[in-house]
Amino acid sequence: MSAVDLSGRTVLVTGGGAGVGRGIALACGAAGAHVVVASRRENGVEVVDEIVTRRGAASWSQCDVTDRESVAATVAHAVARTGALHAVVHNATSNQSSVPHRLEDVSGELWEQHSSVSLRGAYHCAVAALAALRVSGGTLLVMTSPAGIEGSATLPLYATMKGALRGFAKSLAREWAPHGVTVNVVSPLAYSPAMENAVAEDPAMEERLARRVPLGRVGDPEIDVGRGVALLVSADAAFVTGQTLGIDGGHFMSL
Amino acid sequence: MTTPVRVVAPGASSFGTALRDALAEVDAPGCVVYVCGDEDAATVGPLDALTPDEWDRRAERVLRDALAALRDAHRELSPRGGRIVLVAPTAGIPGAPELVPFVTAVEGARAMAKSAARQWGAAGIAVNTVLVPLELLVPSAAGATSFLSPPAIGAPTLAHVAAAVVAFVDPSRHGVTGATLVVDGGSVMAP
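Sequences listed follow chains A and B, in order.
So for the first sequence, my numbering puts the first residue at 1; every next one is plus one.
So for the second sequence, my numbering puts the first residue at 1; every next one is plus one.
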């Protein structure tokens with residue numbers, strides 16, 4: 001049961017088919033939103049089924065955020081299906097995000113895999129959604145990480161993209177404020193498929209990580225991160241813009 | 001014989017040329033300064049009016065250029081270690097309207113520099129950042145940060161920026177890496 005009320009609101013979640021994106025979609029659905037689960041693969045259909053099974057409302061739109069037309073079609077789907085779009089959560093990230101690499105060895109191909117999803121995807125989401133968000137007085141959310149603020153010794157490209165997204169969001173928050181559209185950033189710490197795989201290979205990792213989190217555990221994608229995002233895309237957060245919210249059990253407090 | 005700081009800047013950066021001149025007499029072997037951004041990258045305009053090509057030129061190309069510069073510097077410095085300084089505008093801290101792609105790149109470059117500092121520290125390469133007012137680096141874009149508080153001690157000059165860079169290339173500052181020094185006369189005062 002969610003304390004946040006998203007009744008009558010439409011929330012589009014990119015990368016909504018798995019991991020944190022799935023958790024956000026489920027939480028927004030539980031809070032009463034119609035959730036447009038945007039995913040490249042058909043796992044988004046399963047998330048829609050979960051939301052509907054819980055008596056929520058959702059629809060799937062196949063979406064490749066690296067393709068401008070694909071994102072525009074997903075936004076059009078949201079508006080055609082529900083009559084409005086109140087929030088876009090750009091959560092999609094490259095499937096290479098958690099693969100360690102050296103900055104001096106980065107290939108053009110690896111760069112493109114990161115940049116096309118994180119940065120160009122954010123650009124595509126923003127441009128495609130602006131008209132609908134202006135009408136609704138809506139919001140755009142992008143996802144970051146402590147790596148985007150303090151750098152990363154193992155994932156420098158991931159850190160680069162996440163830092164860039166904070167610059168993107170803060171600037172866009174200023175640019176879109178006159179339109180009544182807010183833009184914010186969420187920095188989550190929760191189980192994702194990549195983290196679950198890493199824990200499966202190294203079970204001690206979970207305890208090591210939990211020791212670094214003041215609240216003593218890794219977050220749940222739906223209950224912890226999803227509900228936090230639901231609050232940010234609700235009407236109650238209409239005066240919040242240009243902010244980075246850590247939903248991470250206190251893991252990163254150096255902002 | 002003097003080995004000056006090597007200043008790498010986009011071709012259209014008059015600030016880069018001026019900084020190179022200001023540092024010409026500094027003897028600092030094993031040091032590379034990279035200036036992030038130029039007039040084209042910092043073209044002011046709303047995001048929704050950009051073409052995909054303009055987005056690429058003002059955001060992704062700027063970041064790719066930063067990566068290429070850092071990698072070149074790493075290749076040059078890695079045998080013996082050295083110091084890299086990124087010079088970028090303060091606009092990334094508060095954000096800047098109608099400058100979304102460029103500020104996206106600037107904040108990405110800052111995170112990239114910190115990551116480089118973490119990865120290359122063991123090889124004796126320090127990477128630090130100096131942030132300067134946007135109007136100093138790209139005068140044509142000055143209006144995009146007009147909302148900022150006026151500098152408490154007045155606007156910095158190129159000489160102030162050069163002095164900050166010299167501080168970072170000083171080998172006696174061995175313990176400093178991944179740092180950001182804001183040289184804006186006390187305007188942003190963050191973090």
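Heads up, the beta-carbon is just placed ideally off N, CA and C, and yes, glycines get one too.
None of these values were measured; they are calculated from a predicted model.
Where residue i falls: helix, strand or coil (DSSP)
i         : result
Tyr304(A) : Because chain A here runs from 1 to 255, residue 304(A) falls outside it and cannot be looked at.
Gly82(B)  : strand
Leu215(A) : coil
Val127(A) : helix
Asn43(A)  : helix
Asn197(A) : helix
Thr93(A)  : coil
Glu44(B)  : The residue you asked about is not Glu; residue 44(B) is Val in the sequence shown. DSSP places Val44(B) in coil when its eight states are reduced to three.
Val99(A)  : coil
Val33(B)  : strand
Val13(A)  : strand
Thr90(B)  : helix
Pro52(B)  : helix
Ala210(A) : helix
His174(B) : coil
Glu175(A) : helix
Ser258(A) : Absent from the model: residue 258(A). The displayed extent of chain A is 1 to 255, so no value can be given.
Gly257(A) : As shown, chain A starts at 1 and ends at 255. That puts residue 257(A) outside it, with no answer to give.
Leu77(B)  : helix
Val4(A)   : coil
Asp202(A) : coil
Asp105(A) : helix
Pro97(B)  : coil
Gly121(A) : helix
Val65(A)  : coil
Continuous beta strand (DSSP E) stretch holding residue i: start and end
i         : result
Pro139(B) : First-last for Pro139(B): undefined, no H or E at that position.
His251(A) : No beta strand (DSSP E) holds His251(A); DSSP gives it neither H nor E.
Leu85(A)  : Run containing Leu85(A): none; DSSP gives neither H nor E here.
Val20(A)  : Segment Gly19 to Ala30 is the alpha helix (DSSP H) holding Val20(A); no beta strand (DSSP E) there.
Delimiting residues of the alpha helix (DSSP H) encompassing residue i
i         : result
Gly246(A) : From DSSP, Gly246(A) is part of no alpha helix (DSSP H) but of the beta strand (DSSP E) over Thr244 to Ile247.
Leu140(A) : Not the alpha helix (DSSP H): Leu140(A) falls in the beta strand (DSSP E), residues Thr139 to Met143.
Thr154(A) : Element bounds for Thr154(A): n/a, residue is neither H nor E.
Ala80(A)  : Arg68 to Thr82
Thr104(B) : Val100 to Trp120
Val182(B) : Segment Thr180 to Val182 is the beta strand (DSSP E) holding Val182(B); no alpha helix (DSSP H) there.
Gly229(A) : A small correction: the amino acid at residue 229(A) is Val; Gly does not occupy that position in the sequence shown. Counting along the chain, the alpha helix (DSSP H) containing Val229(A) begins and ends at Arg227 to Leu232.
Pro168(B) : Rather than Pro, the amino acid found at residue 168(B) in this sequence is Phe. Run containing Phe168(B): Leu158 to Val169, per the alpha helix (DSSP H) assignment.
Gly185(B) : No alpha helix (DSSP H) contains Gly185(B), which DSSP labels as neither H nor E.
Gly143(B) : It is not in any alpha helix (DSSP H) - Gly143(B) carries neither H nor E in the DSSP assignment.
Ala235(A) : Looking at the DSSP string, Ala235(A) is not in any alpha helix (DSSP H), and its letter there is neither H nor E.
Ser14(B)  : Ser14 to Ala22
According to DSSP, residues forming a beta bridge with residue i
i         : result
Asn128(B) : Val85(B)
Trp60(A)  : Val37(A)
Pro4(B)   : Asp27(B)
His114(A) : Beta-bridge pairing links His114(A) to no other residue.
Thr53(A)  : None; Thr53(A) has no bridge partner.
Val186(A) : Met143(A) and Leu245(A)
Heavy atom of the ligand GTP within 7 Å of residue i beta-carbon
i         : result
Gly143(B) : Judged by which ligands are present, the structure shown has none, so any question about the ligand GTP falls away.
Margin query: Three or more C-beta pairs under 8 Å: does that hold for the stretch 144-161 of chain A against the stretch 174-188 of chain A?
Written below: yes
Notebook entry, point to check: Per the contact definition of three or more C-beta pairs closer than 8 Å, is the stretch 99-110 of chain B in contact with the stretch 48-68 of chain B?
Noted result: yes
Check: Is there contact between the stretch 118-133 of chain B and the stretch 79-86 of chain B, where contact requires at least three CB pairs shorter than 8 Å?
Finding: yes
Next item on the list: Please name the residues in the stretch 167-184 of chain A whose beta-carbon is closer than 7 Å to at least one beta-carbon of chain B, in chain order.
Entry: Gly167, Phe168, Lys170, Ser171, Leu172, Ala173, Arg174 and Glu175
Next item on the list: Could you tell me whether the stretch 240-248 of chain A touches the stretch 37-50 of chain A, where touching means 3 or more Cβ pairs closer than 8 Å?
Entry: no
Check: Touching or not, the stretch 196-214 of chain A and the stretch 15-30 of chain B, by the rule of three or more beta carbon pairs under 8 Å?
Finding: no
Notebook entry, point to check: Does the pairing of the stretch 46-60 of chain A with the stretch 170-181 of chain A give three or more beta-carbon distances under 8 Å?
Noted result: no
Note to self: Three or more C-beta pairs under 8 Å: does that hold for the stretch 41-50 of chain B against the stretch 178-190 of chain B?
What the structure shows: no
Check: Which residues, in chain order, does the stretch 109-132 of chain B contribute to contact with chain A at a C-beta distance below 7 Å?
Finding: Arg110, Ala111, Met112, Lys114, Ser115, Ala116, Ala117, Arg118 and Gln119
Checklist line | Interface residues of the stretch 87-107 of chain A facing chain B [CB-CB below 7 Å] | finding: Arg102, Leu103, Glu104 and Val106
Notebook entry, point to check: Between the stretch 123-137 of chain A and chain B, which residues of the former have a C-beta closer than 7 Å to a C-beta of the latter?
Noted result: Tyr123, Ala126, Val127 and Leu130
Item checked: Positions along the stretch 135-150 of chain B whose CB lies within less than 7 Å of some CB in chain A -> none
Note to self: So if I threshold CB-CB distances at 9 Å, which residues from the stretch 91-103 of chain B count as touching chain C?
What the structure shows: Protein chains in the displayed structure are A and B, and chain C is not among them.
Margin query: Assess contact between the stretch 51-62 of chain A and the stretch 21-35 of chain A, defined as three or more Cβ pairs (one per stretch) separated by less than 8 Å. Is contact present?
Written below: yes
Next item on the list: Would you be able to state if there are at least three C-beta pairs under 8 Å between the stretch 161-171 of chain A and the stretch 62-77 of chain A?
Entry: no
Note to self: Below 8 Å, how does it come out for the stretch 108-115 of chain B and the stretch 142-159 of chain B: are there three or more Cβ pairs, yes or no?
What the structure shows: no
Margin query: To be precise: take each residue of the stretch 31-49 of chain B, compare its Cβ to all Cβ atoms of chain A, and keep it if any distance is under 7 Å. Which residues remain?
Written below: Pro46, Leu47 and Asp48
Next item on the list: Quick one: which residues of the stretch 73-93 of chain B get their C-beta closer than 9 Å to a C-beta of chain A? List them in chain order.
Entry: His74, Arg75, Ser78, Ala91, Gly92 and Ile93
Item checked: Contact list for the stretch 50-63 of chain B against chain A, Cβ threshold 9 Å -> Leu50, Pro52, Trp55, Asp56, Ala59, Glu60 and Leu63
Margin query: At a CB distance below 9 Å, what residues from the stretch 166-184 of chain B approach chain A? Give them in sequence order.
Written below: Gly178
Check: Are the stretch 216-236 of chain A and the stretch 20-31 of chain B in contact at 8 Å, needing three or more beta carbon pairs?
Finding: no
Margin query: For the structure I just gave you, are there three or more beta carbon pairs, one from the stretch 84-91 of chain A and one from the stretch 103-115 of chain A, closer than 8 Å?
Written below: no
Check: Three or more beta-carbon pairs under 8 Å between the stretch 62-77 of chain B and the stretch 165-178 of chain B, yes or no?
Finding: no
Margin query: Any C-beta of chain A within less than 8 Å: which residues of the stretch 3-17 of chain B qualify?
Written below: none
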